[in-house]
Amino acid sequence: MGRTLLILLLIGLLLIAVGVALHSKTFFWLGAVLVSVPLIVLLVIVVGFVVLLIALIILTILILMAGGAMLLIAAIVLVIAIPILVLTLIGKATRKRVFVKRKSWQPS
Numbered sequence: 001m002g003r004t005l006l007i008l009l010l011i012g013l014l015l016i017a018v019g020v021a022l023h024s025k026t027f028f029w030l031g032a033v034l035v036s037v038p039l040i041v042l043l044v045i046v047v048g049f050v051v052l053l054i055a056l057i058i059l060t061i062l063i064l065m066a067g068g069a070m071l072l073i074a075a076i077v078l079v080i081a082i083p084i085l086v087l088t089l090i091g092k093a094t095r096k097r098v099f100v101k102r103k104s105w106q107p108s
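Read in order, the letters of the sequence shown are residues 1 to 108 in the UniProt record's numbering.
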């Protein structure tokens, strides 16, 4: 999972650089979305739920600043990213629980 996030981050940074060089908003916003998703996932894993909310607010602001087709693409990415992040949080919570076997109850 770590490698995939790093690759997404690098591809996003490359798209941002291409977007800036070619003065292309499409490449820039696609890169911004690709960079923000792995950063959100990493921050959720490292820090927790508060950072998830802050990152989603930042991503929402980016979406609102975008327009047209990029708005649609960013919204789709957001709709896909939120359930994945929530499932990641649920998975972390259930892994940390300690399950204690109860002694079977015997009637006296």
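Glycine included, each C-beta is placed from N, C-alpha and C at the ideal position.
- Message: Excluding the 5 residues flanking residue 36 on each side, which residues of the same chain have their C-beta closer than 6 Å to its C-beta?
- Response: 59
- Task: With DSSP as the reference, label residue 36 as helix, strand or coil.
- Result: DSSP, read as helix, strand or coil, puts residue 36 in helix.
- Task: With distances taken Cα to Cα, identify the nearest neighbour of residue 87 among 61, 41 and 30.
- Result: 41
- So, helix, strand or coil for residue 22, using DSSP? coil
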